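Numbering (the working numbering), first residue to last: 825 to 1023. Ideal Cβ positions, reconstructed from N, Cα and C, are used throughout, including at glycine. Computed from a predicted structure; not experimentally measured. Below: one structure, written as structure tokens.
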């Protein structure tokens, strides 16, 4: 049976690995990037560090098999990243350094991170990222992770939560819609923003 627990700093390498192995619209993105840590820098580590009480790791008999990371206040989280998370990474990954195109695209996101529009963060101030390895999918772990997060957000009085999903990931979109999320915006790159009101 999967075991759910809060992440610790010792879990970060495993979170980076799961993020990489699910980073291609749910499929393994390991072969897409020369630097194996770039996806994790962007999409999992800062959340696990800033508010571990909202985050969970899922273990099975083979080790860490998935996670959910989240923040209750996206503008505050993005301000923290601008002050504390991005500057060291910007120094580590200078824009002028030669690297493969896929890596460079993520490095540009580190140097010019997107800010979530107020039209999204107003009604849906929280956001989440969830990734499960294939061996854990279809067993109810994703539903449990999200339902447990929604309970925590409601206990904090958070009005709503949003997430981003690749338009090509039809399975994930259907999963979120089944849980009660609806499509609220389309990003410039075609990605879909889905939201759920909690009040």
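Inset, instruction - Mind checking who residue 953 pairs with in its DSSP beta bridge? - result: Paired residues: 893.
Inset, instruction - Could you give the DSSP three-state label for residue 1003: helix, strand or coil? - result: Note: residue 1003 maps to helix in three-state DSSP.
Legend entry - Opposing strand residues paired with residue 1016 [DSSP bridges]: Under the DSSP definition of a beta bridge, residue 1016 partners with 989 and 1010.
Inset, instruction - Assign residue 935 to one of two classes, buried (16 or more other C-beta atoms within 10 Å of its C-beta) or exposed (fewer than that). - result: Burial call: exposed.
Inset, instruction - Taking only the alpha-carbon atoms, compute the straight-line gap between residue 897 and residue 853 and give it to the nearest angstrom. - result: Rounded to whole angstroms, residue 897 to residue 853 spans 29 Å at the Cα level.
Legend entry - Alpha carbon of residue 976 to alpha carbon of residue 851, nearest angstrom: In this structure, the CA atom of residue 976 is about 29 Å from the CA atom of residue 851.
Legend entry - Completely contained beta strand (DSSP E) runs for the segment 833–912, where each covers 3 or more residues: Taken in chain order, the whole beta strand (DSSP E) runs of length 3 or more contained in the segment 833–912 are 880–884 and 887–895.
Legend entry - Same chain, Cβ closer than 6 Å to residue 1008, five either side skipped, listed in chain order: Residues of the same chain with a CB within less than 6 Å of the CB of residue 1008, apart from the 5 flanking positions on each side, are 1017 and 1019 in chain order.
Legend entry - Nearest neighbour of residue 884, chosen from 865, 1021, 957 and 1002 [CA to CA]: The residue with the shortest Cα to Cα distance from residue 884 is 957.
Inset, instruction - Specify, as a first and last residue, the run of the beta strand (DSSP E) that residue 967 falls within. - result: First-last for residue 967: 965–979, but that is the alpha helix (DSSP H), not the beta strand (DSSP E).
Inset, instruction - Kindly confirm or deny that the segment 935–948 and the segment 891–911 touch, where touching means at least three C-beta pairs closer than 8 Å. - result: Enough Cβ pairs lie closer than 8 Å, so yes.
Inset, instruction - Assess, as a yes-or-no matter, whether the segment 911–928 is touched by the segment 840–848 under the definition of 3 or more beta carbon pairs within less than 8 Å. - result: The segment 840–848 vs the segment 911–928: no contact.
Legend entry - For residue 919 and residue 931, the rounded distance between their alpha carbons: When only Cα atoms are considered, residue 931 and residue 919 end up about 7 Å apart.
Legend entry - Beta carbon of residue 830 nearer than 9 Å to that of residue 882: No.
Inset, instruction - Name the two residues that bound the continuous beta strand (DSSP E) containing residue 827. - result: Where residue 827 is concerned, the enclosing beta strand (DSSP E) stretches over 827–829.
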